[in-house]
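Here is the structure we will look at.
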């Protein structure tokens, strides 16, 4: 059996969210419909942006999950990404800090979904 893990992020506007995530990830979508867009993250892993599941998502609503971008370049790479995102106006929820597993920071997409940048295990 072939298994794929698809992480779904609920958004208000899938094409706008795809532009945001495409810029952050430096990639283009692998599949697009008006309300459902995916990014192929590698063998067996996709990130999906889905609008229409919930209406009027608000960044003010607390989120219980995160998309985590695991970075292999160490603290210097994580700090560089933080500075780049900060200069591009990405909402930063928690600046870089050592969380016991390494340097990490937390950001949010325009719909309030949390995006963590952390070291690859």
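Numbering (UniProt numbering), first residue to last: 1 to 121.
Cβ coordinates follow ideal geometry from the N, Cα and C atoms, glycine included.
Classification of residue i by the beta-carbon crowding that lies within 10 angstroms, buried from 16 upward
i: residue 3; result: exposed
i: residue 70; result: exposed
i: residue 39; result: buried
i: residue 90; result: buried
i: residue 24; result: buried
Rounded separation between residue i and residue j - CA only
i: residue 28; j: residue 42; result: 13 angstroms
i: residue 98; j: residue 11; result: 30 angstroms
i: residue 31; j: residue 22; result: 12 angstroms
i: residue 111; j: residue 9; result: 10 angstroms
i: residue 88; j: residue 73; result: 21 angstroms
i: residue 75; j: residue 119; result: 8 angstroms
Check whether residue i and residue j have beta carbons under 7 angstroms apart
i: residue 116; j: residue 66; result: yes
i: residue 47; j: residue 18; result: no
i: residue 35; j: residue 58; result: no
i: residue 20; j: residue 121; result: no
i: residue 14; j: residue 37; result: yes
i: residue 92; j: residue 86; result: yes
Continuous alpha helix (DSSP H) assignments of at least 4 residues falling wholly in the UniProt domain "VOC" (1-120):
14-25, 74-87
Tell me, please, whether the stretch 74-87 touches the stretch 99-107 by the rule of three or more beta-carbon pairs shorter than 8 angstroms.
yes
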